[in-house]
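Okay, so the sequence shown: first residue is 543 according to the working numbering, each after it adds one. Structure, as structure tokens:
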Amino acid sequence: MKEKDALDQLLHQLQEFKQKFYLNMLLRGSIFAVGLLLSIYIVYSLLEYMFYFPQLVRGFLLFSFVAFVIYVFVRWIALPMSALAKLKKVLTDEQAAQQVGTHYPEIKDKLLNAIQLQNLDRTNELIAASIAQRTGQMGSFRFKDAVTYRENRPLLKYVALPALIALLIAMVYPTIFVQGTERIINYKRHYEPLAPFRFVVQNDQLQTFRGEDFELKVDVEGKAVPSEVFINYNGRRQKLNTKADGTYTYTFKQMQKPVEFQLEGSGFMSNDYTLQLLSRPNLKDFRMVVQYPDYLKRKPEEVQNTGNANVPEGSTVTWNFSATETDNINLAFEAPEETLTAGKDGSSFSTSKQFNQSQNYSIKLKNKHSSNKEQINYQITTIPDRNPQISIEQYQDTALYTYTILGGDVSDDYGLTRLALFYRVNNDKNSEAKYKSQALPLSTQQLSQTYYHQWNTAALNLQPGDKLEYFVQVWDNDGIHGPKSARTRTFELRMPDKRELQKELDNNSQSVASQMSKTLNKATQLKQELAKSEEKMKTKRDLNWQDKKQLEELMEKKKQLEQDISSMKELFDQLNKKQNMLNEPDKQLAEKAQELQKLMNDLLDPETKKLYEELEKLLQQQQPNDTELQKLLSKMDNKERNLERELERALELFKQLQFEQKLDNITDKLEEMAKEQEQLADKTEQQQEDNQQLQEEQKELQEEFEDVKEQMKDLKELNDKMEHPNQMNEEQQEQDQESIEQDMQQGQEQLQKQENKKASESQKKAGEKMEQMAKQMEQMSNSMSMEGMEQNLDNLRDILENLIKLSFDQEDLMKQFRGVNQSDPRFITLSQQQLSLRDNAQVIEDSLYALAKKVFQIESFVTREVTAMNESMDNSMKELRDRNVGKGNVQQQLAMTSMNNLALMLNDAMKQMQQAMQQMGNMAGQQKGNKPKPGDMGEMQQQLNKKMEDLKKGGKSGKALSEELAKLAAEQEALRNALKELEKQGQKPGEKGQNGDLGNISKMMEQSETDLVNKRLTEQTIMRQREILTRLLEAEKSAKERELDNKREAKTAQETDRKVPPSFEKYFKAKEKQTELLKTIPPALSPYYKQKVNEYFQSISK
């Protein structure tokens, strides 16, 4: 145990040695570190102070000194301190034992051996004894005394010398350490040797605003001043400008960031200066949002980085600013003056204002340093909602007055809402009628557009003498001041009165006759030229250039002829419609006009057109086939000959129709004038008006009668031009005219003399004579019609009999040819018989054509069938001459077929003529104007009722009463029979009026007749008569309404060929283009560009 304590004591002393060794090591290291670092510091400071090293060298000095400090600290300070703190072993026990043994010779290796044995196995007794022995030998030594601090004294010289030098420098010239140390530490800063002068910056503050120029002003003070001064910044060296007063200036351009600079003169540098930047309030960007008035239906628009804008009146503008270094933004407006302060939200500002007038304004920005340097001025221009624009072109149907075409342009700056046609009808009864309106199609999506409207004025049921006034009006969509409108000037369509209408009718009739005559002449000329060409082709085998050209000219003439025929048809159609405007058309005349119209429609035969097309194809061939060409020309010749005859027939039938229509118009006019003259006579007798007014009315009647005389004269001239003039009693008519003129003139003179009673008698005589003359003319018309139809019917029977006989003869001859040989002498005899049949057919043809010029019922295909019959017979003659019996029989069969067809057609025409004669016979006992009508019967029934009531009140009896009752029963029977006549004419009493079925009227009348015959004139009979009268009056009203409705329906349903003038074609095209181009305009397009697009579309549509 003692051995162990001795060993531990030995190890403890060894640890004390190591601790003292580490302290000595730290002391020695501190001496070395202080001496070395102090020496380096003195050297570096002295060198920098003396030589003003550049930044790079000073930086090297600084960082090298720091490196030395780190090295010294780690090498001589940190290592022994870590050993003391037992953080690191610097000496092991063995190394410490060796150093102790070295210091004490007596110990030598004993301590080392003891430590080494101690590390061996202590359980070994031998080792333990050896350790104990050695430990006992070293027990008297103190190991820590082996380390002495005195050995460090010689090293103090390494610290004393640098410290002495540093102390001397610090005492004598401390600036070396102060400046040297400062410049090394601030190695990035530039230091210069002190100059014999100094730079004085005259600017109060080295501050400027971003983006602006700054002028630096420098003055130099000192005994010696440099001749030039430079400025160094951002690696640049610039010379300052010298002024006359000795100051120097330099301008920094558009400063964007702070600048550090030095001034230089004669090699000396100034201290560093810094030019600081301030910021003015800066408007980075802004946008305006324009909110349009609601009625424009436009989305808000955004305007970027400009304050100028053209906006519609009533728009609200919102400004949204984005600004930096800005405290507030004001908008200052002029006229009237007003200031708006924008609300702030971070770096954003906004405000808004509604504009009803144009205004200039400026934007003002402010912060704590300044306001915006330059003024920001803008203008908001308001665009007022202008009035819409409208133009018009109009075309009036002055031929039939059935339609009016309206077209034009409408436009507005913002939009259109309505387009309407306003019209009114003025006449003698209503001179200031109220306007009615009719909406016209309008697109609200287009700012500018065309309009086109075909106005069916026939639906207005305009009467002769009416005046139609109309204009077109358009409205815009102004939501501020209300919709504004613009209208065209008022146009007028005046319907001619009956006298003017009659004159127009006469002129149109002459135009149609003239056109028909010209067309006939051209057809005749074309037929002759075609016949010449056919004869010429028979003698030629080949066509030359001139022949082709001649045929091409014929084709062109044919085209022109077709155009003339179309024009003739149109003129005739207009004439018929205008004739219907003058008077209600007579049924028979209407049927004749329809037959004539059908005849004209059939003039352009499709087969003829096909033949000309075949001719055109043949001419296009290099060498046309002569045989085909001759056959084609022969067929064309027959067609043209048939067309000529049809035109001749149409012209003659037209003259006959015009004669009958004019005669009918004169008769109607005389009846109308007779009534007016009688009414004027009553006014004159009763003196209902003053004599001056009566004289004027009489004068008007005299002028109208002069027109009738002119019409009679025209009727005679028309009759004289006809191929078969009608029989007119001209002498009697002239006498009647003179007598009527004398009575009318006598009445006028008597009115001037205030002899009203005599004047009335003269007027009544004139009226009666007019009525008598009208009846005579109607009788003459009926007589002429009946006589003409009887004669035509007889002629038609004869033609039909001859045609049937011709057909049987042709059939018999055809059979005989089948049994005869070509060499038989009978062949020549039969051929001569065929020629004789052809002559008979020619007679039938001439008779039929002559009859067709007078009979409307004969259809146009009848004359074409005659042509086909003759053509077949001619072909049969040709085949028989060539001894081609088979082909000849075929042609004979075709001819016989045409004969049979003709017989059937003529038989139908004869039936139609017989029916027409029967209708005329039924009407023979009725005078025109005396046809039973509900209105006439109502008046007669009223008179009969009055007689019955007077008879009941009169108190007659016996034979006198019986006679009166018999007369009344006879009159009632006559009215009942007239009612039945109405039923036969289609005016059935079974049609319902306001009080139910009128079919019971006849039964009620029959009951009254029974009462009268049986002498029962009771109150019940009187009540029944009143009921009869009521129903008859209702029938009159219903008949008038029905007649008016039928007229309107007929006028509306009538197809009118509305020719559009060429000037209106542009509206058709523009309307189509706008419909298509509207689809290409983006809906979100701004109004400005929409307007430009519309203008562009209009320009390309012109």
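Idealized CB from N, CA, C, for every residue including glycine.
Closest option to A1316, judged by alpha-carbon separation, among K1211, G856, N1449 and L603: K1211. Inter-residue distance for I1386 and D1450 is about 17 Å (C-alpha atoms, whole angstroms).
Residue pairing by DSSP places M830 opposite V845 and W861 in a beta bridge. Q1244 places its beta carbon less than 8 Å from that of M1286. In this structure T893 touches L882 by the C-beta definition: roughly 5 Å separates them, less than 8 Å. Contact between Q780 and H732 is absent: CB atoms are separated by about 17 Å, not below the 8 Å threshold. In the DSSP annotation of this structure, the continuous segment of the beta strand (DSSP E) that includes Q780 starts and ends at R778 to K781. Under the criterion of beta carbons closer than 8 Å, G577 and P704 qualify as touching, at roughly 6 Å. Counting C-beta pairs closer than 8 Å gives three or more between the stretch 1179–1189 and the stretch 1062–1070, which meets the contact rule. Nearest to N1412 by C-alpha distance, out of Q1434, E1098, L1372 and E1095, is Q1434. Taking C-alpha positions only, Q1279 is separated from L1222 by approximately 19 Å.
A contact between stretches requires three or more CB pairs, one per stretch, nearer than 8 Å, and the stretch 891–911 fails this requirement with the stretch 994–1007. Relative to the Cα of Q1457, the nearest Cα in the group M1415, N1143, Q1399 and F1403 belongs to Q1399. Between Q1483 and L1571, the gap from beta carbon to beta carbon is short of 8 Å. Apart from the 5 residues on each side of it in sequence, Q1067 has no Cβ closer than 7 Å to any other Cβ in its chain. In its chain, beyond the 5 residues on either side, P854, G856, S857, G1021 and I1022 have a beta carbon closer than 7 Å to the beta carbon of P835. DSSP, read as helix, strand or coil, puts V576 in helix. DSSP places E916 in the coil class of the three-state scheme, outside both helix and strand. Here Y994 carries a strand assignment [DSSP, helix/strand/coil]. Where D1018 is concerned, there is no enclosing alpha helix (DSSP H), although the beta strand (DSSP E) around it starts and stops at K1009 to D1018. Closest in alpha carbon position to E1506, among S1544, I1543, N1556 and S933, is N1556. The alpha-carbon separation between G957 and L1002 amounts to approximately 32 Å. Contact check for F615 and Y583: beta-carbon distance about 15 Å, past the 8 Å limit, so the pair fails to qualify. Nearest Cα to E1246 within the set K1040, E1112 and Y729: K1040. Here L1047 is near Q1121, since their CB atoms are less than 8 Å apart.
Here Q1229 is near N1298, since their CB atoms are less than 8 Å apart. For I1022, the three-state secondary structure derived from DSSP is coil. For L1444, the closest C-alpha among the options V1404, L1486, L1436 and V1427 is that of V1404.
Residues of the same chain with a CB within less than 6 Å of the CB of K1181, apart from the 5 flanking positions on each side, are T1150 in chain order. Per the coordinates, the alpha-carbon of M1441 lies some 9 Å from the alpha-carbon of A1410. For V952, the pairing in a beta bridge is given by DSSP as I932 and Q991. Annotated three-state conformation of A877 is coil, per DSSP. When C-alpha distances from E1133 are compared across S1056, L1393, M1455 and I1346, the shortest belongs to M1455. R1029 places its beta carbon less than 8 Å from that of I932. Put simply, the backbone Cα of M1547 is about 42 Å away from that of D970. Residues L1117 and Q1200 of the same chain have their beta carbon placed closer than 7 Å to that of S1051, with the five preceding and five following residues left out of the count.
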